[in-house]
Structures are given as C-alpha cells and as structure tokens.
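Chains as they are written, first to last, in this note's numbering: chain X, 1 to 503; chain F, 1001 to 1503.
Below is one structure, written out as structure tokens, with a few remarks after it.
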C-alpha cells in the first residue's frame, strides 16, 4: 500500500529527526566535557557544571516527550526494514530506561553523585574511607531504587550492568570471568615465583614531556590517525571524545615513563578510530553510533595491546622513538618489547596494571559491587573484603585504602560498569584471531607500518555497523562465534610464558 | 500580604530558573563556537553546524514556551523590586521578539543566511558582486518580513537596529553620526593634505609570531587579566567568548605587524574584562549579563584606544616589548606612539582602519543599509553607491568590490548592527572624560602600570550593573549626561592634531 508505506516513512523520518536532535545535544555535551578536561581555566567550573546539567536535563526531556513513545509504538506496529528496525529497537530501549525513572529520582541521583565526588576525593586524599561511606551507602540505595523502577523483576545489579551492556547477559560475562580467574591466577603466580628478571629499566631516565608529545604525534601519524578529523591534547585522565567527524585523542606525560604516554595515546587512538569509522551519513542516529562500551573498549585494547605491545610494532617504531630520544639509543627491540609488557606483580593500582593482572582488578571490583548491591556486604566491610581479594588474586595487599578500595572514582556515578574493560580485552583477542585468519599476515603488516588493511577490516566489520546488530549478534557476525575467553587466555599465556621464560 | 508576596516570589523564582536554563544553552553554544574557531579540526564542520543549530532551536523553543509568557504576565501585574523589574523587562523584550516571528520564517532566515555565507565568500574571492546579489536581495526581503512581524508600525530598519540596541533610539545614533561626519571629514582631509610624515616604519621588519604571542601574554599580564578565568588563543578573526567565570581572549599574528596582534589582544581584553566584571551571583540572568553590544564595544575600545594607544602605555610597555624583540631596540616611545596611531589615508578596509577613519567606514555602511532596506537602493546599485561614499568620506575608492562592498560578512546575518562599533568608541571617550574627573590622574596610573583603579571603576559602574538599567539610563547614570559625540571629537582632534602637527 503506497499510502501506508508513505505514512510509515514519514513517521520514521520524524523519529529520526527527533533522535538526531537529541544526539546533537549529547555531542554538544561531549564538546563541553572535552573543553573542561583540556582547555577550560579552573575558574570556569561553576558555570560549566550548570551548562552541562542544563544540557543533560534537556536531553532527558526531549527523549521522554510523549511524542517519542507515540512514534515508537506506531513504527513497531508497521513494516520496517532491518536498519529501521534496529534504530527503533535502540531508541525504544533508551526511551524506556529514561521514562521508567521518576525525574525526582534522576535529580536526587545526580545531586548525590556530584556531592559524592568531593567526598571521595577527600577520603582518598586523607585515606579515610569513613568520609566516603555515607555517600556510597546512599548511592547504593538510590541505584537500587532506580534499577527497581526500570525492572522490578530483575536482580538490580543486572539492571545496572545492562545500562552499559544491554546485549551480553551478565551471566555470560561472569562465566568468562570464571575462566579468566582460573587461567590468570596460576600464570600470575608462576611469573611471581619463577619469572626471570626482565628489562624493566631499559627506558630508565628522564624523558622531557615536549619530546614525548612529538613521539605521541609520530605514533598517531604511523597508525594513520586522520588529523583532519581529530587532534591531540593533554588531560590528567586520558580519554577520547567526539564523533565520526571529529574524534579527539588526549594523553598525559610522565617524564619518568615515556611508555605510559605512548600506550595511552595508542589506546585512545583505538577509541578514536572506532568513532571515525562510523557512518557519516548516519550521524546522530543509532546506525552512526558505537555499539557499546565493551565493544568500544575492544577497539582501544586492540590497538594498545595487539598492535602497540607487539614486537613487530617496536621493530617499526623504535627507530622513530630513538630519533626523538637519542638517550635511548642502546635499547634493543627485545628490551623495548619486554619493557612495555612488564608485569608489575606488586602493583595495587588498576590503571597502572599490565595486560595480565589488570583483569584481576576488574574481577575483584565486579565481585565486591555485586555483593554490596545484594546487601551481602555492608559498606564498612568493603576495605577488608577488598584487601582479602587482592591477596587471593594478586598476592599483594594495598598499604592504604587510598591505594585500595578508594582508588577509583567510578562508584560515585554507577555500579556495574567495570566489566566492560575486560570484555573489551577479551573481544580484542578474539578479533585478532579472526584477523589472523582473514588478512594476509597481519603481523607483517604491522612490522611494515602498513596499518590500512587492519584499520579497514575493523571499520568495515565493526565501525560501519553502528548499532545495527546487538552486541552478541555483532560478535558472532564478525568472529563466527560467541564471546569467549579462549583466545585471550591463549594469547596472554603464550606471550607471557615467552617473555618470562616460564618453561 | 504575606501570601501574595510569597506567590510572586515563587513565580519570580520559576521565571529565573527558566531564564538561567535558557542562558546555559546559550553559553554552551558559545563554547561550541569558540571551539570551532580555535580548536576544531576542519573535518568537524558538518557535525558542528548541526550541533549549533540544534542548540539554537532548543533555546528558541524554551524561550517561547507558553509558560514564559504566563510567568511574565503574572509578574508584571504584581509588585517587583527594581532588580526584579529589570529582569522581567529584559525577558519580556527577548520573549516578544522571539514569539512574534513565525518559526517557518526563523528557519528560512537561518537557511538563507547559511547559504548566503559561501556565496559571499565566493563573490569576494572572485570579485564578483553578482554572485552575492540574489542572496542579499532575498535576505533583505526576509529581514523586512521579520521586522514587520515584530512591529508593523515601525520603520523596519529601526526594528533591525533595535535587535542589537533596544534602548538608544536610532535617531540619537544618527544625530551623533551627523556630528561625527561634520567633525571627522575635515580632520581627515587636513591629515591627508598637511600631515607630516610620521614614523610608520618604526617597527619595520619581521617579528616571529611565537614571540608575538609572548608579548600578547605580557600585555594581558600587565593589564591584569585573570588567567584563572580566561585563556589566550589564536583565531583568524579575533573575538572574545565566555561568561563571568571564563572569558577567553583570541588574537591573530602577522609577522610583518607586531602592533596588530597587540591591539587586537588589548581590544579583546576589554571585552573579557566586561564579562569577568559581571556579577557571579547573577550568572544566567539579565542582571549578570552585559548591557548591549554598543556598551560591550565601549569596553573593548576603551582599553584598546584610551589605554593601549596612549603614550603613557607605551612608556610602560615598550621596555617589555624590547625585551622580547631586541630588534626594536632603537624605537623610541614617541615613535611607538605615532606608529600605533598612524592614519592610513589610502586604506579601504574597515578592520584595518585607524581610530579616526574607522567611523567613516561605519557611517557609510549605515547609510547604505538604510537606503537598501528602505528600497531606495537596488541591490545592483550597492557597489557604485559604496564607491561614491568612500570617495566623499575618505577620498579613496577601492579598486575592487572585494576591497569594497564585499569586505564584510555581516549582511549575511543581519542589517543594522554596524552602528554599535561607533557607539562603543564614542561612549569610551565619554567614559574616559568621566574617569579623568573621578579618579586621581588616571593617565599616571597607566604610566605606572597600576590598572586596578580604572578596572575597578569600570567594573563597579558598568559591569556590575548588568542589564539593571537600560542603555540610555546607564550612560546617564555613569557619566551624568546622555550619549554625546563631543568627548570623542575633542579627543581625536587634540590627539591627531598633535601627532600630525596640524597647526
């Protein structure tokens, strides 16, 4: 029927225009956030907080307008092609989660969260967990209330997890975590007990930060970053921000550690590559948006670990590094490779962890969060539980809560988000295994600095898909099987056994 | 009556919350614009245009919601203190101008304006006025239609002028322009005919732009710019952007002309000082916002001309300049003073004009605009009319339309805005005269680099007032008399007669 088709087309157009507008407000918020982290003078803070909060509440109101629901219902009862159906599915999901939560609760959560941040900061600075306790306890209450509003029949922690990853069941992720726990703990113990001394001081010395920035730019050049749609700046906590038209990388510089800025830069390059690979013509719609935070993290971990931490990459890049830093002239490729893959067995800080112990930090947080949300753990029991699990998993106990359960800011805004970091690493390994089958000697391409085949493969298979597939569908579509820990465990076992000469 | 007072207080609070929200969207738009001009990679253009347009339309919708009108009417029929009455007056004005214009017309104007910009760019690049003609003609039609929607009983050009300056009658401004025309033309002719050769090549040579940036920072330091609430960046067309919490200066650098970046920096510093002087506690309301573009320009012109172009300032600043640029070691204060005040009698470009000829460029534009809007001038007659008036006023005719009637982008967005540049200069001179009476030897303070008394006086008398007074009220309140050209004419006559040794 021509008329009905025409009608559904124009209903669809209306929904699309609506979601584009909402996305534009979100992207504007992203620019304000980037500016705040990289350029804004300190004094701008009070006004910026108000601007961000105005945009966020406007975005919420636009999304939850009655008309959004009407358009969705109309479209759901009509004929839609695959792409349209995906768009409607994603907007419906976003809409439901927004409309289910009373606005007073949204406001109270936002306020409690913003009060909790300075309290957390103070608690961390003073090493006094008690200062943070009442906020954390109240946040648990409010987050549980929110979760129950969204789905009273589901475990609240599951609902929280689904905020970040709606299409991978928590049970699947937990099964993968079990496998990681079983595989990683013995490997880490093995390294702690039998690990040969590796070249951890290959890059000892002072590396001036201006030259480090040139090295970071060199790395982005080599990897093929599109400077016409991006830029590099400094931020205390590196992040990526932007869209397919403008995806910006940030990094930080430590004059004692030139590898830190480099891995951070390559990590954020991975995130930027995902954004830049999204469809230009679908800007502002779910088809032109990234799939989920886990998939996003797979892209950053892919470039950071499967490219930036390979021997092939250092064969390619070490000469460039030495051109900038002649002081490193004696470092060999083997030493560089070992230095960038060093396992810090006495480290207690997640963000300073290596590719191996990192995931034990994540698993620990997921377990504690879950116990806390379930009421199995009282707020004051968290520090002891933290230290107990650190000892179990990594054989090291932080000397202070600041270096333990107070190290991350995440709980001031949500629970159930940490898992995606590990999902990203696991899927990155699975992607590398697929790429090894589908591309002609990808490791050789890295050695030659010919990154286009790898970049293009990821763009075609992941980035250009946007949110057309759900996360589990996308994983199967691209790799031919569901998410599995096997490739990651094989990869780290082989890599670290070789580096630490374990047998 | 306690109840009624309470009621009107809560109605007022609701209006205030509403206007703060709208202002926050506007300020977010300002951040996006600043970013676009200073940091955004080229490729970001399409997405940024969409983000800006979304925020602008949202701001318009929030302002024109029925509830805004209801709150205004309620408050207007009740008791309000002076500040509240000013807030209601300003919001009413903004609301009426927004609500009077049908949204289709708003959209058509925005679209025509954004299509006109590349057409203007092309016309200017190719020196082909014909390319721009149809757009300019259509813009005239649409702008007249808009003006008639706002006030069908008023001359449309007057309505257009009132967009930027609602509280100074156009007739007042035109009377001042007549006085300027009468005073300036003979002075300019005198300089052209009898002007002694002044030291226009005192700063000949190449000045590297990195060092120029250091000089610009020195100047901002000396003037007392609050770096905790601001920053300095480069932009092709210098501008200031921000709020009382974060007011950013931009400038540009020309290696052949170190005075250009310096005057641009000091000019934008003046704008920033206005923003930074606004009341923190009134952020987001008319009481914490600048009065009008004419008053804003008075602050930039005050610092640029009455401070930055004085001999006293160069006595203070030339040693700093020479520290950065030893190549200028032989330049004397007198030479620097003359160089920064040089009259370029054969210049045809407004933005390169000196303090004297500049206003003839403005008067010419105002006359042509007015004739064009009144239908006394057809679009194709503009170039000839332009050249005729240039000859009359400045005795010089541009060789091309690109250097003539195509030089400014302004007409692609509006008519009736140029006057405020001259209002700013005229009021700046009036302010200086008042300051000379009220402060203890202000010129001595400049010579000593003690800018606080001047800055504080402006902050107290102008900035902290926000929009409490209307423009004409503010001018009288601060200087004791209405806007007058007298002080400006006395100032330039005395200054330029001395520099050019005219009698």
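Glycine included, each C-beta is placed from N, C-alpha and C at the ideal position.
Since we're looking at a predicted model, the values are computed, not measured.
Cβ contact annotation for residue 482(X) (same chain, cutoff 8 Å, sequence separation greater than five): 172, 472, 475 and 476, in chain order. Residue burial is scored here from C-beta neighbours: residue 1420(F) has at least 16 other C-beta atoms within 10 angstroms and is therefore classed as buried. Within the model, the alpha-carbon separation for residue 181(X) versus residue 276(X) is close to 35 Å. In the DSSP assignment, residue 1072(F) falls within the unbroken alpha helix (DSSP H) covering 1066 to 1076. Listed as beta-bridge partners of residue 232(X) by DSSP are 249(X). With a minimum length of 4 residues, the unbroken runs of alpha helix (DSSP H) contained wholly in the stretch 1261 to 1320 of chain F fall at 1293 to 1301.
Here residue 373(X) really is in contact with residue 140(X); their C-beta atoms are around 6 Å apart, less than 8 Å. CA-CA distance, residue 1282(F) to residue 1091(F), rounds to 14 Å.
By the C-beta criterion, the stretch 388 to 402 of chain X is judged to be in contact with the stretch 344 to 356 of chain X, since at least 3 inter-stretch pairs fall below 8 Å. Listed along chain X are 31 and 35, each with a C-beta nearer than 7 Å to that of residue 1035(F).
Beta-bridge partners assigned by DSSP to residue 1242(F): 1247(F). As for any alpha helix (DSSP H) of minimum length 4 sitting wholly inside the stretch 1388 to 1439 of chain F, the runs are 1419 to 1438, ordered along the chain. Following the DSSP letters along the chain, one finds residue 1492(F) inside the alpha helix (DSSP H) bounded by residues 1486 to 1499.
When 116(X), 227(X) and 151(X) are compared, the shortest CA-CA separation from residue 135(X) is found for 116(X). Within chain X, no residue has its CB atom less than 8 Å from the CB of residue 1313(F), the nearest being about 26 Å off.
For residue 1465(F), the secondary structure class from DSSP, reduced to helix, strand or coil, is helix. Per DSSP, residue 227(X) lies in no alpha helix (DSSP H) segment and is marked neither H nor E. Residues of the stretch 1161 to 1172 of chain F with a Cβ closer than 7 Å to any Cβ of chain X: none. Uninterrupted beta strand (DSSP E) stretches at least 3 residues long and entirely within the stretch 1144 to 1219 of chain F do not occur.
Shown here, residue 1039(F) sits in coil according to DSSP, grouped into three states, outside any helix or strand. Bounds of the alpha helix (DSSP H) holding residue 87(X) are 82 to 99. Nearest in C-alpha terms to residue 1387(F), of all of 1361(F), 1411(F), 1412(F) and 1122(F), is 1361(F).
Listed by position along chain F, the residues whose Cβ is nearer than 9 Å to that of residue 46(X) are 1245, 1280 and 1283. Taking the beta carbon of residue 91(X) as reference, no residue of chain F falls within 8 Å; the closest one sits roughly 17 Å away. Under the DSSP assignment, residue 1356(F) falls outside any alpha helix (DSSP H); it carries neither an H nor an E label.
Comparing C-alpha distances from residue 174(X) to each of 356(X), 416(X) and 490(X) shows the shortest one belongs to 416(X). Around the beta-carbon of residue 1303(F), 16 or more other beta-carbon atoms lie within 10 Å, marking it buried. With the criterion set as a beta carbon lying under 8 Å from some beta carbon of chain X, the stretch 1430 to 1454 of chain F has no members that meet it. Among the residues facing chain X, residue 1025(F) is included, as its CB has a counterpart in that chain under 8 Å away. Taking all protein chains in view, the Cβ of residue 290(X) is crowded by 16 or more other Cβ atoms within 10 Å, so the residue is classified as buried. Sequence-distant partners of residue 469(X) (beyond 5 residues in either direction) whose C-beta falls short of 8 Å from its own C-beta, in its chain, are 86, 291 and 477. Check the Cα spacing between residue 1023(F) and each of 95(X), 51(X), 467(X) and 351(X): the tightest is with 51(X). At a cut-off of 8 Å between C-beta atoms, residue 1019(F) does not count as an interface residue with respect to chain X. Rounded to whole angstroms, residue 38(X) and residue 1130(F) show a C-alpha spacing of 45 Å. Under the Cβ distance rule, residue 1028(F) counts among the residues neighbouring chain X, one pair being separated by less than 8 Å.
Cβ-Cβ separation between residue 1389(F) and residue 1132(F): approximately 19 Å, too far for a contact (criterion under 8 Å).
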